[in-house]
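Everything on this sheet refers to the single structure shown next.
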Amino acid sequence: MPAMSDEEIPRNILLTTVDAVYNWGRRGSTWPVMFGLACCAIEMIAAACARYDIARFGMELFRPSPRQADLLLVNGTITQKMAPQVLRIYNQMAEPKYVIAMGSCAISGGMFTSYAVLQGIDEIIPVDVYVPGCPPRPEALVYGFMKLHEKIMKQSIKTVPWFAKEPALRPAPQPQPASE
Ligand code: SF4
Numbered sequence: 030m031p032a033m034s035d036e037e038i039p040r041n042i043l044l045t046t047v048d049a050v051y052n053w054g055r056r057g058s059t060w061p062v063m064f065g066l067a068c069c070a071i072e073m074i075a076a077a078c079a080r081y082d083i084a085r086f087g088m089e090l091f092r093p094s095p096r097q098a099d100l101l102l103v104n105g106t107i108t109q110k111m112a113p114q115v116l117r118i119y120n121q122m123a124e125p126k127y128v129i130a131m132g133s134c135a136i137s138g139g140m141f142t143s144y145a146v147l148q149g150i151d152e153i154i155p156v157d158v159y160v161p162g163c164p165p166r167p168e169a170l171v172y173g174f175m176k177l178h179e180k181i182m183k184q185s186i187k188t189v190p191w192f193a194k195e196p197a198l199r200p201a202p203q204p205q206p207a208s209e
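Okay, so the sequence shown: first residue is 30 according to our numbering, each after it adds one.
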């Protein structure tokens, strides 16, 4: 191979970090689970359609199996009966995985201040981005995706949680006793 001249070197050699390449790759291929809980799921579906076109983020592949997905969109009311199923889906997803709590119900139980409804998905699984609203519009969800991408780009493989030694599976939530 002929040696490069001094002028050609800046045009042909790119220096970067492992973190930057790794994060760039993950950011551009975040695949959500095909999963909906309530009315907020309709806004998630709208975000995936042509008008908002999340394919431009490499995110249009909604996977029917959690084992092939790395983004869980919690998009609706989480009843105590449904909470273990949401947790099971989260546990089945491969690391690295991310969670967006979409809408008031997923963030805090919303208007359902009831013993039958979980008062926020962060009671059972860690949340990366909260998108408020009832329901949040697709633009808000797209903004949430962009905040998640910012978060991914700031991660380092030296400190990411999925290399930690703590148990990967979270215990199933127990039904809460009815309040007085
Ligand atoms: S936040 Fe509003 S739109 Fe979303 S699931 Fe709850 S009630 Fe439905």
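Note that the Cβ used here is the ideal one computed from N, Cα and C, for glycine as well. Quick caveat, the model's predicted, so the values are computed rather than measured.
Boundaries of the beta strand (DSSP E) in which residue i is found, first to last residue
i	result
V128	127-131
Y159	158-160
Where residue i falls: helix, strand or coil (DSSP)
i	result
V103	strand
R92	strand
Y172	helix
P165	coil
P39	helix
Short CB-CB distance (under 8 Å) between residue i and chain D
i	result
E36	Protein chain content of the structure displayed is limited to a single chain, and chain D is not contained in it.
Neighbourhood of residue i by C-beta distance below 6 Å, restricted to the same chain and skipping five residues each side
i	result
P164	C68, C69, E72, G132
Chain-order list of residues whose beta-carbon lies under 8 Å from that of residue i (same chain, five-residue window excluded)
i	result
E168	Y81
W53	M182
Outcome for residue i when other beta-carbon atoms lying within 10 angstroms are tallied against a minimum of 16
i	result
N104	buried
M88	buried
K187	exposed
Boundaries (first-last residue) of the alpha helix (DSSP H) holding residue i
i	result
V47	47-56
A75	69-77
L116	112-121
Residue i: CB within 7 Å of a non-hydrogen atom of the ligand FAD
i	result
G87	Ligands present in the displayed structure are limited to the ligand SF4, and the ligand FAD is not among them.
Close Cβ partners of residue i (< 7 Å) along its chain, the five nearest in sequence each way excluded
i	result
G65	M73, N104, G105
Q148	S137, G138
Legend entry - Any heavy atom of the ligand SF4 within less than 6 Å of residue CB: hits in chain order: Those residues having their beta-carbon less than 6 Å away from any non-hydrogen atom of the ligand SF4 are, in chain order, A67, C68, C69, G105, T106, G132, S133, C134, G139, C163, P164.
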